[in-house]
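Structure, as structure tokens:
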Amino acid sequence: MYSEKVMDHFMNPRNMGEIEDADGVGTVGNAKCGDIMRIFLKVEDGVIQDVKFKTFGCGAAVATSSMATEMVVGKTVEEALKVTNKAVMEALDGLPPVKVHCSLLAEQAIHAALWDYAQKHNITIEGLKPPVEDIEEIEEEE
Amino acid sequence: MYSEKVMDHFMNPRNMGEIEDADGVGTVGNAKCGDIMRIFLKVEDGVIQDVKFKTFGCGAAVATSSMATEMVVGKTVEEALKVTNKAVMEALDGLPPVKVHCSLLAEQAIHAALWDYAQKHNITIEGLKPPVEDIEEIEEEE
Amino acid sequence: MERKVYADHSATTAVRPEVLEAMLPYFTEEYGNPSSIYAIARSNKQAVETAREQVAMAINAKADEIFFTGCGTESDNWALKGIAESYAGKGDHIITTSVEHHAILHTCQYLEKQGKRITYLPVDEDGVVSVEALKNAVDQDTILVSIIMANNEIGTINPIEEIGAFLHEKKILFHVDAVQAVGSLPIDVQAMHIDLLSLSAHKFYGPKGVGALYIRKGVKLRSFIHGGAQERGRRAGTENVAGIVGLGKAIELATSELEARRAQLIPMRDRLIDEVLRRIPYVRLNGARENRLPGHVNFSFQFIEGESLLILLDMAGIYASSGSACTSGSLDPSHVLLAIGLPHEIAHGSLRLTFGRENTMEDVDYILEKLPPIVERLRAMSPLYED
Amino acid sequence: MERKVYADHSATTAVRPEVLEAMLPYFTEEYGNPSSIYAIARSNKQAVETAREQVAMAINAKADEIFFTGCGTESDNWALKGIAESYAGKGDHIITTSVEHHAILHTCQYLEKQGKRITYLPVDEDGVVSVEALKNAVDQDTILVSIIMANNEIGTINPIEEIGAFLHEKKILFHVDAVQAVGSLPIDVQAMHIDLLSLSAHKFYGPKGVGALYIRKGVKLRSFIHGGAQERGRRAGTENVAGIVGLGKAIELATSELEARRAQLIPMRDRLIDEVLRRIPYVRLNGARENRLPGHVNFSFQFIEGESLLILLDMAGIYASSGSACTSGSLDPSHVLLAIGLPHEIAHGSLRLTFGRENTMEDVDYILEKLPPIVERLRAMSPLYED
Ligand SMILES: Cc1ncc(COP(=O)(O)O)c(C=O)c1O
Ligand SMILES: Cc1ncc(COP(=O)(O)O)c(C=O)c1O
Ligand code: FES
Ligand code: FES
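Protein chains in written order, with this note's numbering: chain U, 5 to 146; chain G, 5 to 146; chain V, 7 to 393; chain L, 7 to 393.
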């Protein structure tokens with residue numbers, strides 16, 4: 005059901021854990037399945053120096069968290085904003101249709117952490133909207 | 005589906021054929037399945053000397069015709085009247101439920117031939133009713 | 007040694023060895039529930055998806071338009087009852103023919119009791135449905151037309167492509183009961199404009215108890231069997247994995263051998279028809295002479311009754327049927343034979359012989375040797391026959 | 007060598023070798039259509055009737071009260087939709103529980119859309135339906151009560167005999183979904199006053215794609231699948247002879263080994279429950295501690311999510327499930343776990359381990375070795391867990 009890359013990131017998640025003195029922390033829950041993800045960011049001079057995650061979620065959620073953290077680390081805040089769930093999925097060689105929503109968790113958790121960072125440091129990041137409690141997504145019904 | 009006795013009478017029917025100068029001939033049709041049976045009787049001094057049948061019908065119809073002719077030959081007209089379809093079925097070790105109506109063909113054809121004999125010879129046989137065009141029977145519905 | 011000739015392939019067929027072999031692992035080794043997540047279940051799921059593609063390929067559909075069912079009858083029930091309900095807002099009129107299989111006819115009778123309007127189109131003496139009659143029958147409330155592709159009793163083939171083109175233009179849904187056709191006739195749901203199509207594995211050397219329904223993408227069809235999320239939520243029940251694998255393998259083989267099979271069966275059919283008509287008096291071929299299933303023959307022998315004929319053929323090692331197998335529990339003469347105009351007592355003396363892949367021309371010769379004296383013998387017994 | 011432990015017998019089981027062996031002739035040799043008249047078909051018909059007797063014997067019914075279907079789900083659909091229609095003149099109210107299998111629940115939801123009134127009885131924290139609640143729920147219009155005998159997700163057993171006695175007195179029909187119970191619990195439709203009972207072969211080492219419905223003599227039940235005269239006119243479709251033979255053989259074996267199986271499985275179940283509760287913190291047993299299916303265990307591990315747990319167990323060679331297999335395509339937390347009062351996020355972390363005949367106590371030990379570190383690992387990943 006999952007690609008090899010997904011399985012690899014699930015079995016050996018990158019950047020799993022917490023950052024004690026994080027500059028930004030974002031937690032989002034997925035209205036669709038009830039799963040939860042938390043992202044910790046360390047930002048210096050507008051560049052993401054370190055990132056960690058914790059996930060209460062399915063295999064796809066773990067794998068997308070892991071992949072997403074790899075994809076944003078070292079990027080500027082603005083660049084990080086452009087790492088979409090689609091890009092993460094592609095990097096993982098795709099997800100089954102019922103699992104597309106899981107990839108949103110990672111995207112939204114990063115956005116939430118960036119928002120938290122912006123709030124704490126009193127800056128505005130262009131294009132970044134405040135995090136919503138629960139993320140949701142309209143999927144095609146058969 | 006059929007007992008060995010039924011198969012035997014079907015494969016080697018007794019008294020199959022016609023009697024040229026029959027004293028009584030009876031033909032009945034089965035409303036339930038459209039099958040037809042004809043019985044020829046030779047009667048002397050009130051005793052059935054010879055009997056033959058022709059059947060357009062299923063295996064059970066042929067076997068019951070054959071068995072019924074064996075059971076009435078040599079009997080008085082009154083005795084012959086008492087050979088019921090039930091007795092014929094028992095003699096054949098039974099019939100499947102959907103085939104019970106077939107055994108009525110033989111009983112009714114014999115009655116019809118006896119009626120014809122009585123008419124022709126101007127006698128009355130006690131308990132014998134005029135034959136009906138089509139015989140029918142109420143079966144239990146599941 | 008007595009010969010055994012199984013000539014009842016329209017009733018059912020033996021599972022081919024290759025098909026059984028493909029099925030076997032899914033009973034005892036690959037037994038996981040395909041809806042589960044773990045590895046052994048995944049290979050099961052894969053096997054089901056492969057079968058889905060095999061079915062799709064055989065009828066020129068897409069894999070996600072194929073749904074597995076428990077038999078051809080279930081497919082027919084699902085299509086008719088489902089459309090009747092899902093399109094109730096659009097209309098209440100369904101058109102079918104008077105020569106459908108009971109899976110369609112009895113479902114239509116049920117729908118009539120539910121208040122639906124059903125038109126049963128007449129057929130000509132060959133058993134072909136009239137496209138003209140169909141054109142006159144459609145009205146504003148017509149939501150579905152269901153036509154049998156090839157008749158199970160008399161073998162006659164209907165002009166499906168012509169009907170499909172007409173209905174496509176009229177935007178009326180088209181269901182085809184192709185249970186007898188798969189493996190015997192080329193089928194293309196695109197070219198034929200078919201929206202729903204029923205098939206059943208045991209008619210083409212697959213196992214009994216598994217069928218499929220093709221549902222064109224975009225057709226609304228409510229579930230018939232409600233429950234779990236199997237078959238993308240449209241047909242519940244733990245998947246009959248071995249059966250589905252067997253269906254897939256069987257349809258793949260049948261389609262790839264379609265031409266070879268026709269080349270084998272048509273000469274057998276034709277010889278049997280010609281010789282029986284030549285050698286036996288008072289006999290009638292039921293169904294079209296040419297426009298019929300490749301291995302399919304149906305005769306009526308005047309003055310004799312079907313069951314007696316079948317028993318004597320059985321004794322001679324010839325396995326045939328009288329009308330459709332599933333009605334042989336009943337005593338009514340075949341509705342199909344009555345529909346093509348046969349009188350009651352002649353319909354009663356009908357014999358269906360249907361050949362398949364393991365039959366040979368020697369089987370035909372054997373039938374030609376055994377059948378005439380049996381017919382003669384029964385006629386001698388018949389009060390209707392005055393030679 | 008890694009061990010493989012299949013612990014998902016409530017999802018499906020492997021066909022037993024004896025069962026497969028009994029089935030095999032009916033694919034390639036005895037392949038006639040049982041509705042036909044000739045000799046090879048007769049032996050088929052006989053085989054089907056033997057299976058019918060085997061099923062009847064297993065539940066203390068009569069052979070002519072057993073009808074074969076395409077799966078347990080079909081049996082459930084037939085019973086509910088059929089009674090709803092056949093007894094529409096008597097009333098429109100059906101009572102069931104909130105912890106039924108989707109085959110019942112989704113059918114009830116469908117019936118609600120058709121205008122029927124459905125009451126979903128609550129259950130206690132063990133998952134046992136309250137007989138008191140049932141007594142309060144019945145009214146003049148109640149035509150049917152449908153109760154699951156043993157729950158597929160949490161293994162809890164309902165007081166069927168008590169309910170049956172009450173309904174018998176009230177003259178209300180009683181349907182029991184015994185799909186999980188057959189082969190694990192003794193069943194007696196007379197003593198339990200059951201009028202309709204569903205079962206499915208693949209849950210007791212028979213093949214997938216074949217089930218049965220017991221219909222007490224005298225109960226009116228319209229056909230669900232219309233067509234030919236198979237199953238005495240009540241369930242159309244060419245009989246899945248091999249499948250039916252497999253069902254018959256499997257139920258005979260399962261019933262004769264019922265006590266032996268219980269003696270094998272209960273200690274395994276109990277050891278797993280006791281040890282997991284002892285070794286792993288923040289874990290909850292779902293369903294009753296004693297009053298449950300012999301090989302059935304269901305835990306909720308706080309702070310972790312079911313799918314991740316299953317994947318890691320799969321990697322360790324342990325095949326289990328999270329909730330019922332057929333809902334694993336869905337993301338909703340189990341309706342059964344919510345019904346017994348679990349909060350959403352705990353319901354999400356549930357794990358079902360169900361043992362069967364090929365499991366041993368070593369399998370339990372293996373699970374006890376592998377499970378704790380996996381749970382630990384996932385908790386370390388969880389934002390909800392603060393150790
Ligand atoms: C309690 C219960 N009822 C019904 C079913 C449906 O059976 P099947 O999948 O054979 O249709 C199942 C199993 O899936 C079950 O556990
Ligand atoms: C034309 C036709 N439709 C439907 C069916 C029903 O198929 P099944 O018996 O597999 O349910 C049959 C065969 O019995 C058939 O010949
Ligand atoms: S199912 Fe919840 S994150 Fe994937
Ligand atoms: S079926 Fe007509 S006489 Fe037997």
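Yeah, the Cβ is synthetic: ideal placement off N, Cα and C, and Gly gets one too.
| query | With a cut-off of 8 Å, does the C-beta of L/Glu-237 fall near any C-beta of chain U? | reply | no
| said: If you reduce the DSSP assignment to three classes, tell me which class G/Met-5 lands in. | reply: coil
| Does ligand 4 have even one heavy atom less than 7 Å from the beta-carbon of V/Gly-189? | no
| Given a threshold of 16 other Cβ atoms within 10 Å of its Cβ, counted over all protein chains shown, does L/Gln-60 qualify as buried or as exposed? | buried
| Does ligand 3 have even one heavy atom less than 7 Å from the beta-carbon of U/Asp-39? | yes
| request: Following the continuous alpha helix (DSSP H) through L/Val-342, name the residue where it begins and the one where it ends. | output: 341-345
| field | Uninterrupted beta strand (DSSP E) stretches inside the stretch 247-306 of chain V (no shorter than 3 residues) | value | 289-291
| query | Any beta-carbon of chain V closer than 8 Å to the one on G/Glu-144? | reply | Confidence in G/Glu-144 is poor, its pLDDT being 33 and thus under 50, which makes the residue's placement unreliable; the coordinate value appears in the next sentence. No, G/Glu-144 lies away from the interface with chain V (no Cβ there is under 8 Å from its Cβ).
| task | With DSSP as the reference, label G/Thr-80 as helix, strand or coil. | result | strand
| field | Under 8 Å (Cβ pairs) to chain L, residues found in the stretch 365-379 of chain V | value | none
| said: Can you pull the chain G neighbours of V/Phe-309, defined as C-beta to C-beta under 7 Å? | reply: Phe-60
| field | Backbone CA spacing between V/Tyr-44 and V/Gly-38 [nearest angstrom] | value | 8 Å
| message | From the DSSP secondary-structure annotation, give me the bridge partner or partners of U/Glu-48. | response | U/Val-51
| request: Starting from the beta carbon of V/Tyr-325, find every residue of chain L whose beta carbon is closer than 8 Å, and list them in chain order. | output: Gly-38, Ser-42, Tyr-44, Ala-45, Ile-46, Ala-47
| message | According to DSSP, is L/Arg-48 part of a helix, a strand, or is it coil? | response | helix
| Where does G/Ile-23 sit, in a helix, a strand or coil, going by DSSP? | coil
| task | Can you tell me the Cβ-Cβ gap for L/Leu-140 and L/Ile-163, rounded? I've got them flagged as a contact below 8 Å. | result | About 16 Å; that fails the 8 Å criterion.
| said: Which of the three DSSP states is assigned to V/Ser-327 in this structure? | reply: strand
| field | Residues near G/Pro-148 by beta carbon distance below 7 Å, same chain, minus five either side | value | No answer is possible for residue 148 of chain G: the residues shown for chain G start at 5 and end at 146.
| message | For V/Arg-358 and V/Ala-171, I'd like the C-alpha separation in whole angstroms. | response | 32 Å
| field | Endpoints, alpha helix (DSSP H) assigned at V/Ile-178 | value | Segment: none, V/Ile-178 is in no alpha helix (DSSP H) and carries neither H nor E.
| query | What is the rounded straight-line gap between the Cα of L/Asn-158 and the Cα of L/His-99? | reply | 25 Å
| query | At what residue ranges does the stretch 119-205 of chain V contain a whole run of the beta strand (DSSP E), taking only runs of 3 or more? | reply | 123-127, 148-154, 179-183
| query | Helix, strand or coil: how does DSSP classify G/Phe-57 here? | reply | strand
| task | Tell me whether L/Ile-373 sits in a helix, a strand or coil according to DSSP, three-state version. | result | helix
| For chain G, is any of its Cβ atoms less than 8 Å away from the one on V/Leu-390? | yes
| message | Any beta carbon from chain L within less than 8 Å of V/Asn-304's own beta carbon? | response | no
| query | Residues of chain G with a CB under 8 Å from the CB of V/Pro-339: which are they? | reply | Gly-38
| query | With a cut-off of 8 Å, do at least 3 Cβ pairs link the stretch 233-248 of chain L to the stretch 116-126 of chain V? | reply | no
| said: Among V/Leu-316, V/Asn-66, V/Thr-148, V/Ile-200, whose alpha-carbon lies nearest the alpha-carbon of L/Ile-46? | reply: V/Leu-316
| query | Between the stretch 293-302 of chain L and the stretch 369-387 of chain L, are three or more C-beta pairs nearer than 8 Å? | reply | no
| request: Run down chain V in chain order and give the residues with a C-beta less than 9 Å from the C-beta of L/His-108. | output: His-232, Gly-233, Gly-234, Ala-235, Ala-242
| field | Three-state secondary structure assigned by DSSP to L/Ala-218 | value | strand
| said: Considering only their Cβ atoms, is the gap separating L/Glu-8 from L/Lys-223 smaller than 8 Å? | reply: no
| said: Below 7 Å, is the gap between the Cβ of V/Gln-186 and the nearest heavy atom of ligand 2? | reply: yes
| task | Starting from the C-beta of L/Gly-133, find all residues in its chain whose C-beta is less than 6 Å away, skip the five residues before and the five after it, and write them out in chain order. | result | Val-105, Asn-157, Ile-160, Thr-162, Gly-293, Ile-346
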